[in-house]
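Some notes on the structure that comes next.
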Amino acid sequence: MKTLMLGNDALARGLYESGVAVASSYPGTPSTEITESLAKFNEVYSEWAPNEKVALEAAFGASLGGRRAFCGMKHVGLNVAADPLFTISYTGVRAGLVIAVADDPGMHSSQNEQDSRHYAVAAKLPMLEPADSDECYEFAKYAYTLSETYDTPVLLRICTRVAHSQSIVDTHERVLPELIPYKKDIAKYVMMPGNAKRRHPYVENRTDMLRQLAETFPLNKIERGTGNSSVGVICSGTVYQYVKEVFGDTVSVLKLGLVNPLPEALIRTFADGVNELFVIEELDPVIEAHVKSLGISCHGKDYFPLCGELSQNLISRTLASHAEPRAGIAAVAAPVIDAEIPPRPPVMCAGCPHRGMFYSLMKNNITVLGDIGCYTLGAAAPLAAIDTTICMGASVSGLHGFIHAQGNEAAERAVCVIGDSTFMHSGVTGLINIAYNGGASTVIILDNSITGMTGHQQNPTTGLNIKGDPAGKIDLEALCHAVGISRVRVVDPYNIAECDAAVTEEIAAPEPSVIISRRPCALLKTVKPKPPLAVNPDKCKKCGSCMKIGCPAVSMKNGAAEIDKTLCVGCAVCTQLCKFDAFEEVGA
Amino acid sequence: MRSESVKKEFAARNIMIVGVGGQGSLLASRLLGRLLMNAGYDVKVSEVHGMSQRGGSVVTYVRCGERVYSPIIDEGGADFIVSFELLEAARWLSYLAPGGRIITNTQKIDPMPVITGAAEYPRELIERMRAAGAEVDALDALSLAAEAGSPKSVNIVLMGRLSRYFDLPEAEWLRALEETVPPRTLEANKNAFSLGR
Ligand SMILES: Cc1ncc(C[n+]2csc(CCOP(=O)(O)OP(=O)(O)O)c2C)c(N)n1
């Protein structure tokens, strides 16, 4: 059946039809929908694990248990899962194991722009890279075959433009392979030095075999140009689409579907047939370095940027200025507006429960080691309440080091903030470090009862599983007590006085403490918004105090405060900033 | 105004949907994708998920034709820009192709720099877009959506307006609408569509 599918949904469909039985993942843009989509199939056991390392280990366990398994994550997730990744390369698999990793060139929703292909090279694993939804679907199937034929986990790399673009896919039925019975094999699966020493040569040999496969692999293909252009382009993934968009069939293209290991003879044959060779790739010169290592000269990062995404215009402009001009490259005359267009950065939503706590931290002039989630938006003006964001979990562990460097007074000026999902992901280990090694850190868990930033996934603190069914619920208070923190208190972030009191008391305390700032995300379907507030124009003294919280529903129009009633959910945080009681409940 | 229909032998027709995160541009782009696939074209739709959905500037690309390669539209490439908010229409203006058309909601939503007073919401944007050479079809989609029974149906009001410029029967649009919106909102969305059209 032909349908229009998101790359991530198509990938999930390909996994499903391949008979995947167990999927364990952690959300992260742009990878999240793969596992959300798999979770809709009842035949597949799917779950959100607390982090990517746990997820990959669970997926590996499922492969060992004889069923095809899957693990999905964003690029930085692979850093977290890198430890098991490098060693399951040695053990190999039992049933097929496919790991999808979604890169984010252009950093639409990420803290860095790392190129996951380096992991395939470093961990010596085959990596496939599809270029649209249909290929996501097809490549998922190839990935399982490769995994089982070559006894290896297989990486499937996608990027934002593939993950989040829809194109037409022709779907089929699911085929479930037989369960492979478990067989104890200590030499293969117990990676102590004696065994690992014997597995490493196996890995090198496997890479050689895969390299030979790459020469004839159907997903690596040469499309000879129909025009009389002597230009050849080597590319993969979404860049292939841009190249075809610009040149159609006029130039020769070597499209690589297997991006690790890379072929040799195929590249030589391709290069021999063209006069000018370009390697066009987003982010790092991985293919280019390989081509050059073969002694073949080519252009690549001398013309194309290392940073950000490519596009059809960028490619046509760059080639037009460096190669002979050719058909298909038309300069575009874009209309230009005569006006300053102010930027529109993302903001915390109206009614976001993070806002009240950030206001309190900003007002009390506190140094805030931050983390990753919707609450990272607390760094934006006017709150500007966050000092650092590195990676998930780094706030808690970083605060501990910060306080030990600065001495005890720092503990009275600094805190960290971390979301509920992020705390479960990797914050709790930092808290254990604080409990174990001491110091008077104050950790604030911003518990909005959901994984917000990535679009509302359940997590171990919500009491629901990936399908929304009841599940185990980690009790944050009990957990913090259990690791040895005795000062644990809960506040309602809609109540600024309560936040102020908790923050000032806990930073003053000479021992570690945890403040759980708890209120569900205002966008959750289970949260019923209150009626919007209104400004009483007779009471508003135009002082602008209410503008300090950066609520998108409150603005100053003609000098007086005004509420956008399409946005306001009646949280009344603004009310607490107004000395003149100008915010009123409508119809009260 | 059916006479204005743009009938092109299109190699590819490129439509950009722009707005503020949370305004429903994903649904609109899925509706269009569905419509064009049903009409027999190759289609690509590129969406944004994640950070910018939190009230940031968002853009989705819808492309159709015999064979579509790139999922994105570049500067100077859009035959239509459908904007859910006025400032966003101006922001993406340079993506309009020569002879392209802007369909924009006249609603203004202040971005945070305007709210905090760090920047001003520019005036007379419609006139300035016209001065830059763009065809602009501006309408108060928020009021029409409210009239249709749901202020959230701004997206479908604007799809109704876009439908004026397409050579496809209204029934095809309604079918795509039925296939994309949740059943409980279908009535309001149908109203919104016809008010926009
Ligand atoms: C290692 C890693 N995995 C995944 C992500 C993607 N990601 C960013 S924030 C976030 C979770 C945010 O949830 P939570 O901590 O509950 O905060 P909220 O957004 O709800 O405020 C995720 C999964 C990431 N940045 N890094």
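Protein chains in written order, with the numbering used here: chain X, 386 to 973; chain R, 1032 to 1228.
Glycine included, each C-beta is placed from N, C-alpha and C at the ideal position.
Since we're looking at a predicted model, the values are computed, not measured.
Report the CB separation of residue 914 of chain X from residue 736 of chain X in whole angstroms; it is logged as a contact under 8 Å. At roughly 7 Å, the Cβ-Cβ gap stays under 8 Å, so residue 914 of chain X and residue 736 of chain X are in contact.
Residue 1111 of chain R, enclosing beta strand (DSSP E) - first and last residue: Here the beta strand (DSSP E) through residue 1111 of chain R covers 1109-1114.
Contacts around residue 584 of chain X, its chain only, beta-carbon distance under 6 Å, and the 5 residues preceding and following it disregarded: Only residues of its own chain outside the window of five on either side were considered, and among them 475 have a CB closer than 6 Å to the CB of residue 584 of chain X, listed in chain order.
Just to confirm, are residue 1092 of chain R and residue 1074 of chain R a CB contact at a threshold of 8 Å? No, these two residues do not count as a Cβ contact at 8 Å.
In chain order, what residues of the same chain lie with their CB nearer than 7 Å to the CB of residue 713 of chain X, ignoring the 5 residues before and after it? Any reading at residue 713 of chain X is ruled out, since the residue's pLDDT is 49, under 50, leaving its predicted position unreliable.
Counting only C-beta atoms, is residue 935 of chain X closer than 8 Å to chain R at any point? Yes - at least one Cβ of chain R is within 8 Å of the one on residue 935 of chain X.
Could you give the distance in angstroms between the alpha-carbon of residue 823 of chain X and the alpha-carbon of residue 901 of chain X? Taking C-alpha positions only, residue 823 of chain X is separated from residue 901 of chain X by approximately 20 Å.
List the residues of chain R whose Cβ lies closer than 8 Å to the Cβ of residue 956 of chain X, in chain order. Contact of residue 956 of chain X with chain R by beta-carbon distance below 8 Å is absent, the smallest such distance being about 15 Å.
In chain X, what lies closer than 8 Å to residue 1163 of chain R by C-beta? Under a criterion of Cβ atoms nearer than 8 Å, the residues of chain X adjacent to residue 1163 of chain R are, in order, 720, 721, 722 and 723.
C-beta atoms of residue 423 of chain X and residue 416 of chain X nearer than 8 Å: Not a contact, by the Cβ cut-off of 8 Å.
Could you check the C-alpha separation between residue 854 of chain X and residue 668 of chain X for me, to the nearest Å? Approximately 40 Å between the Cα atoms of the pair.
Compare the C-beta of residue 1068 of chain R with all C-beta atoms of chain X and state if any pair is closer than 8 Å. A Cβ of chain X is located within less than 8 Å of the beta carbon of residue 1068 of chain R.
Cα separation between residue 918 of chain X and residue 963 of chain X? Computed Cα separation, rounded: 13 Å.
For residue 840 of chain X, go through chain R and note every residue whose CB falls closer than 7 Å to its CB, in chain order. Simply 1080.
Where does residue 802 of chain X land, buried or exposed, given buried means 16+ other C-beta within 10 angstroms? Buried, since its Cβ has 16 or more Cβ neighbours within 10 Å.
Chain-ordered neighbours of residue 630 of chain X on chain R, where CB pairs are closer than 7 Å: Per Cβ cutoff of 7 Å: 1100 and 1101.
What would DSSP say about residue 968 of chain X, mapped onto helix, strand or coil? Assigned with DSSP and collapsed to three states, residue 968 of chain X falls in strand.
Please list the segments of the beta strand (DSSP E) lying wholly inside the region 914-958 of chain X, counting only runs of 3 or more residues, in order along the chain. For the beta strand (DSSP E) assignment, the uninterrupted runs of no fewer than 3 residues enclosed by the region 914-958 of chain X are, from N- to C-terminal side, 918-920, 939-942 and 945-948.
Check whether the Cβ atoms of residue 628 of chain X and residue 652 of chain X lie closer than 8 Å to each other. Contact flag unset, no.
Do three or more CB pairs link the region 1092-1110 of chain R to the region 582-597 of chain X at distances below 8 Å? Taking a cut-off of 8 Å on C-beta distances, the region 1092-1110 of chain R does not touch the region 582-597 of chain X, as fewer than three cross pairs fall below it.
Using a Cβ-Cβ distance under 8 Å, would residue 389 of chain X count as near chain R? Answer yes: the Cβ-Cβ gap between residue 389 of chain X and chain R drops below 8 Å somewhere.
Any chance you could list the alpha helix (DSSP H) runs of at least 4 consecutive residues sitting entirely within the region 761-816 of chain X, in chain order? The region 761-816 of chain X contains, as complete alpha helix (DSSP H) runs of 4+ residues, the segments 779-791 and 793-796 (chain order).
Rounded C-alpha distance that separates residue 443 of chain X from residue 751 of chain X: The straight-line gap from Cα to Cα measures roughly 40 Å.
Under the three-state DSSP convention, the category residue 842 of chain X falls into: Residue 842 of chain X falls in the strand class under three-state DSSP.
Counting only C-beta atoms, is residue 637 of chain X closer than 8 Å to chain R at any point? Residue-level contact check: residue 637 of chain X does not touch chain R, since none of the beta carbons of chain R fall below 8 Å from its beta carbon.
Determine whether the beta carbon atoms of residue 839 of chain X and residue 414 of chain X lie at a separation below 8 Å. For residue 839 of chain X and residue 414 of chain X, yes; Cβs fall inside 8 Å.
Residues that residue 1105 of chain R contacts on chain X, provided the C-beta gap is smaller than 7 Å: Per Cβ cutoff of 7 Å: 696, 697 and 698.
Given the structure, does residue 777 of chain X come close to ligand 1, in the sense that its CB is under 7 Å from one of the ligand's heavy atoms? With a threshold of 7 Å, the Cβ atom of residue 777 of chain X counts as near ligand 1, since some heavy atom of the ligand is closer than that.
Does the beta-carbon distance from residue 508 of chain X to residue 455 of chain X come in below 8 Å? No. Outside cutoff.
Using three-state DSSP, classify residue 836 of chain X as helix, strand or coil. DSSP, reduced to helix, strand and coil, places residue 836 of chain X within a strand of the structure shown.
Simplified DSSP state of residue 1164 of chain R, which is helix, strand or coil: Residue 1164 of chain R sits in coil when the DSSP states are folded into three classes, being neither helix nor strand.
Quick check on residue 1174 of chain R - is its C-beta less than 8 Å from some C-beta in chain X? Interface criterion not met: the Cβ of residue 1174 of chain R is under 8 Å from no Cβ in chain X.
Excluding the 5 residues flanking residue 1055 of chain R on each side, which residues of the same chain have their C-beta closer than 6 Å to its C-beta? Counting only Cβ-Cβ distances below 6 Å, and skipping sequence neighbours, we find 1186.
Is residue 931 of chain X near ligand 1 - that is, is its Cβ less than 7 Å away from at least one heavy atom of it? For residue 931 of chain X, the distance from the CB to the nearest heavy atom of ligand 1 is not below 7 Å.
So, for residue 613 of chain X: in the same chain, excluding its five sequence neighbours on each side, which residues have a beta-carbon less than 8 Å away from its beta-carbon? So the list is empty, once near-sequence residues are dropped.
Name the residues in the region 913-934 of chain X whose C-beta lies less than 7 Å from a C-beta of chain R; which are they? 932: these are the residues of the region 913-934 of chain X whose beta carbon lies less than 7 Å from some beta carbon of chain R, given in chain order.
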